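A.B. asks: Below you'll find the structure I mean.
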Amino acid sequence: MVGRVGRPAATDLDGRQLLMRLVAGLGFTALVALLSGCPGRPATDAKEAQQPIPVKTLTVAPASAAQTLEAVGQAEGQREVEVRARVGGILLQRAYNEGDPVRAGQTLFRIDPAPFETALSRAEAQLAETEARVEQAEREAARAARLAEQNAISRKEADDAASQLSLARAQRQTAQAAVRQARLDLSYTRVEAPVSGISGRSRYSEGSLITVNGGEALTVITQNDPIWVRFSLPDAEYARLAKGGGVRGLRAVEAVLADGTVYPRSGRLNFAASQIDPRTASVSLRAAFDNPASAILPGQFIRIRLTTGERDGVFLVPQVAVLQSEKGRFVYVFEDGGKARKQPITTAGWDNKANWVVTEGLKPGERVVLDNLLRIKPDSRVELVKDGAPAKASTPAPTGSPPSTAANPTKAR
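According to this note's numbering, the sequence shown holds residues 1445 to 1857 in order.
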């Protein structure tokens, strides 16, 4: 019985040994195949590395470029006036269409006048009562004066009558003031526009209780023509502006809208701070633009472009060709030997047309590489595909966005 059980165990052991030998044989075969194929890849890489990289270039030539400063600002109305109720009560009517232009003095809201009409009637009745007292005091004072002259009464009694007349007249003045105040309060139930402008959203609906102290404004009226844009310049850029003649030396003040288009009406600076903000190291400025069609609205973000002058003898290089490294901006220059030379450059902003203004680092006639920049290393072999014409000054690009090295994140190698 024991012998019968032991025989299958030996058979299982032989099967496992056979399986292990088979797997080992297959692994050795695969390893041989892998090792035999490896030497071919370095040869392929070396062959590809020897092939020149096709590139397009741009031949640079001296040009003129506008000197500009740019900053992001926010539009605000020339005047933004809160419309508030001067008396409290129930709001009966909103008498204007929200968002429509309104005139100064136009009725915007009506508050229930009934309590104020009652107060006016009460004040007028009190005034009538004091008027009667004044008339009575005048008669008594006149009578006392005559009797005092005839020595029919004492001088003190005549003086008392005169004092009562003065007191009655003072009470009449108080009553007259109360009537004027009551009439004024009644007139305040018609809430009028304090200035002309564009009306805002009503913050109360009919039937709401309007309070005077601590309540929210009924609406806001904004004067958008002209529109103001507040912005700031870093102290270094403001120093550049000052060297060019300051605010009075500006050649143009332009507004670039969110879609990149330039606002058709030129602006003017109407405010410049007298000192630098130490918290932000910047100078606050404000530009004004005619805005008859309300194309610019308060709160809108606007890019302000200040043209300070022109610079001659510079090179205009497309932003796609300018790369950024830890040491600064650079380009690749195509050399006659078919190599790409890394050339550091110095820039002075951009010309509003997606071209960097290069002041140092390039020479007339040099060819700047425009594409395949991610594949190029210093002294890489390159092959010229097409040579472009020099960049020229033209109208601003539709995008209106400044050159950004983010478009070419390649770093120096």
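Glycine included, each C-beta is placed from N, C-alpha and C at the ideal position.
Note that the structure is predicted; figures quoted are calculated from it, not measured.
(1) May I ask you to verify whether the stretch 1677-1687 touches the stretch 1543-1563, counting CB pairs closer than 8 Å and requiring at least 3?
(2) Using a Cβ-Cβ cut-off of 8 Å, state whether GLY1543 counts as contacting chain B.
(3) Beta-carbon within less than 8 Å of ASP1815's beta-carbon, same chain only, minus the 5 sequence neighbours each way: which residues are those?
(4) So what does DSSP say about SER1640, is it helix, strand or coil?
(5) Can you tell me whether PRO1670 is buried or exposed, with buried defined as 16 or more other CB within 10 angstroms of its CB?
(6) With the cut-off set at 8 Å, would you say ILE1789 and VAL1775 are in Cβ contact?
(7) Cβ atoms of VAL1758 and ALA1507: under 8 Å apart, would you say?
(8) Beta-carbon separation of ARG1811 and PRO1496 under 8 Å?
(9) From ARG1858 to GLN1744, what does the alpha carbon distance come to, in whole angstroms?
(10) Can you tell me which of the three DSSP states SER1508 falls into?
(11) Using only CA atoms, which one of GLU1593, VAL1525, ASP1556 lies nearest to ASP1629?
(12) By Cβ distance below 6 Å, which residues in the same chain neighbour ALA1622 in space, the five residues on each side in sequence not counted?
(13) I need the straight-line Cα distance from ARG1891 to PHE1560, nearest angstrom please.
(14) Report the start-end ranges of each alpha helix (DSSP H) in the stretch 1672-1741 that is 4 residues or longer and not cut off at the edges.
(15) Tell me the rounded alpha-carbon separation between LEU1817 and GLY1704.
(16) Give every residue of the same chain whose Cβ lies closer than 8 Å to the Cβ of GLN1518, excluding the five residues on either side of it in the sequence, and list them in chain order.
(17) Since I believe ALA1716 is in contact with VAL1727 (beta carbons under 8 Å), could you give me their beta-carbon distance rounded to a whole number of angstroms?
(18) Taking GLY1793 as the reference, give the member of GLU1827, SER1769, SER1646, LEU1750 with the closest Cα.
(19) Can you tell me whether DSSP reads LYS1786 as helix, strand or coil?
(20) Would you decide whether LEU1611 is buried or exposed? Buried here means 16 or more other CB atoms lie within 10 Å of its CB.
(21) For ARG1730, tell me which candidate among ILE1748, ALA1737, THR1724, ASP1721 has the shortest Cα-Cα distance.
(22) Rounded to whole angstroms, what's the CA-CA distance from LEU1741 to ILE1534? Just pull it up for me.
(23) Mapping DSSP to helix, strand and coil, what is ALA1545?
(24) Under the rule that 16 or more other beta-carbon atoms within 10 Å means buried, what is ALA1850, buried or exposed?
(25) Using DSSP with H/G/I as helix, E/B as strand and the rest coil, what is LEU1814?
(26) Starting from LEU1767, follow the beta strand (DSSP E) in both directions and report where the run begins and ends.
(27) Going along the chain, which residues of its own chain have a beta-carbon closer than 6 Å to the beta-carbon of ALA1602, five neighbours each way excluded?
(28) Have a look at the DSSP bridge pairing and note the partners of ILE1654.
(29) Taking the C-alpha atoms as reference points, what is the distance between THR1666 and GLN1719?
(30) Going by DSSP, what residue range makes up the alpha helix (DSSP H) through GLU1804?
(31) Going by DSSP, which residues form a beta bridge with ALA1519?
(32) By DSSP's criteria, ILE1497 is part of a beta bridge. Which residues make up the other side?
(33) In three-state terms, what does DSSP make of ALA1661?
C.D. replies: For this structure:
(1) Too few Cβ pairs lie closer than 8 Å, so no.
(2) Among the chains in the structure shown there is no chain B, since it carries only a single protein chain.
(3) Residue 1815 sits at position 371 when you count from the first residue of the sequence shown. Only VAL1499, LYS1500, VAL1764 meet the Cβ criterion.
(4) By 1-based counting over the sequence shown, the position of residue 1640 is 196. Coil at SER1640, not helix or strand.
(5) Taking the sequence shown and counting its residues from 1, the one referred to as residue 1670 is at position 226. Buried, because 16 or more other Cβ atoms sit within 10 Å of the Cβ of PRO1670.
(6) Position 345 of the sequence shown holds residue 1789. Position 331 of the sequence shown holds residue 1775. In contact: ILE1789 and VAL1775 (Cβ atoms closer than 8 Å).
(7) Working through the sequence shown from its first residue, we reach residue 1507 at position 63. Working through the sequence shown from its first residue, we reach residue 1758 at position 314. Yes, the pair counts as a contact, with Cβ atoms nearer than the cut-off.
(8) By 1-based counting over the sequence shown, the position of residue 1811 is 367. By 1-based counting over the sequence shown, the position of residue 1496 is 52. Not a contact, by the Cβ cut-off of 8 Å.
(9) Beyond the ends of the chain as shown, which are 1445 and 1857, falls residue 1858; an answer cannot be given.
(10) In the sequence shown, counting from the first residue as 1, residue 1508 sits at position 64. DSSP places SER1508 in strand when its eight states are reduced to three.
(11) Position 185 of the sequence shown, counted from the first residue, corresponds to residue 1629. Nearest of GLU1593, VAL1525, ASP1556 to ASP1629, Cα basis: ASP1556.
(12) The residue labelled residue 1622 in the question sits at position 178 within the sequence shown. Within the same chain, ALA1622 has close Cβ partners ALA1567.
(13) Given a span of 1445 to 1857 for the chain in the structure shown, any question on residue 1891 remains unanswerable.
(14) Given a length threshold of 4 residues, each whole run of the alpha helix (DSSP H) inside the stretch 1672-1741 is given here in chain order: 1679-1687.
(15) Position 373 of the sequence shown, counting from 1, holds the residue named residue 1817. Position 260 of the sequence shown, counting from 1, holds the residue named residue 1704. If you take the alpha carbons of LEU1817 and GLY1704, they lie about 27 Å apart.
(16) Mapped onto the sequence shown, residue 1518 falls at position 74. In chain order, VAL1673, ARG1674, PHE1675, GLY1743, GLN1744, PHE1745, ILE1746 place their CB closer than 8 Å to the CB of GLN1518, counting only its own chain and leaving out the 5 sequence neighbours on each side.
(17) On the sequence shown, position 283 is the one that residue 1727 refers to. On the sequence shown, position 272 is the one that residue 1716 refers to. Between ALA1716 and VAL1727 the Cβ distance is about 7 Å, and since that is below 8 Å, they are a contact.
(18) Walking along the sequence shown from the start, residue 1793 turns up at place 349. Selected option, being the one with the closest Cα: LEU1750.
(19) Residue mapping note: residue 1786 aligns to position 342 of the sequence shown, counting from 1. Under the three-state reduction of DSSP, LYS1786 is assigned to strand.
(20) Along the sequence shown, one-based indexing puts residue 1611 at 167. The residue in question, LEU1611, is exposed, as its Cβ has fewer than 16 Cβ neighbours within 10 Å.
(21) Counting from 1 along the sequence shown, the entry for residue 1730 is found at position 286. Closest option to ARG1730, Cα to Cα, is ILE1748.
(22) On the sequence shown, position 297 is the one that residue 1741 refers to. On the sequence shown, position 90 is the one that residue 1534 refers to. When only Cα atoms are considered, LEU1741 and ILE1534 end up about 33 Å apart.
(23) Here residue 1545 is taken as the residue at index 101 of the sequence shown, counted from 1. With the sequence shown as reference, residue 1545 is identified as Pro, and Ala is not the correct amino acid for it. Strand.
(24) Position 406 of the sequence shown, counted from the first residue, corresponds to residue 1850. For ALA1850, the pLDDT reaches just 39, beneath the cut-off of 50, and the residue's location in the model is therefore unreliable, although a value from the coordinates is still provided. ALA1850 comes out exposed.
(25) As a working mapping, residue 1814 is identified with position 370 in the sequence shown. Of the three classes helix, strand and coil, the one that applies to LEU1814 here is coil, per DSSP.
(26) In the sequence shown, the residue the question calls residue 1767 occupies position 323. Judged by DSSP secondary structure, LEU1767 falls within the beta strand (DSSP E) whose first and last residues are 1767-1769.
(27) Within the sequence shown, residue 1602 is the residue found at index 158, counting from 1. Excluding positions up to five away in sequence, the list reads ALA1588, ALA1589, ALA1592.
(28) Here residue 1654 is taken as the residue at index 210 of the sequence shown, counted from 1. Beta-bridge annotation (DSSP): ILE1654 is paired with GLY1533.
(29) As a first step, residue 1666 must be located in the sequence shown, where it is residue number 222. As a first step, residue 1719 must be located in the sequence shown, where it is residue number 275. The alpha-carbon of THR1666 is positioned some 29 Å away from that of GLN1719.
(30) As a first step, residue 1804 is located in the sequence shown; it is residue number 360 there, counting from the start. Taken as a continuous stretch (DSSP letters only), GLU1804 belongs to no alpha helix (DSSP H), being part of the beta strand (DSSP E) at 1799-1804.
(31) For the purposes of this step, residue 1519 is taken as residue 75 along the sequence shown, with counting starting at 1. BP columns for ALA1519 point to VAL1673.
(32) Residue mapping note: residue 1497 aligns to position 53 of the sequence shown, counting from 1. Checking the DSSP bridge columns, you'll see ILE1497 partnered with VAL1826.
(33) Within the sequence shown, residue 1661 is the residue found at index 217, counting from 1. The three-state reading of DSSP puts ALA1661 in coil, since its state is none of H, G, I, E or B.
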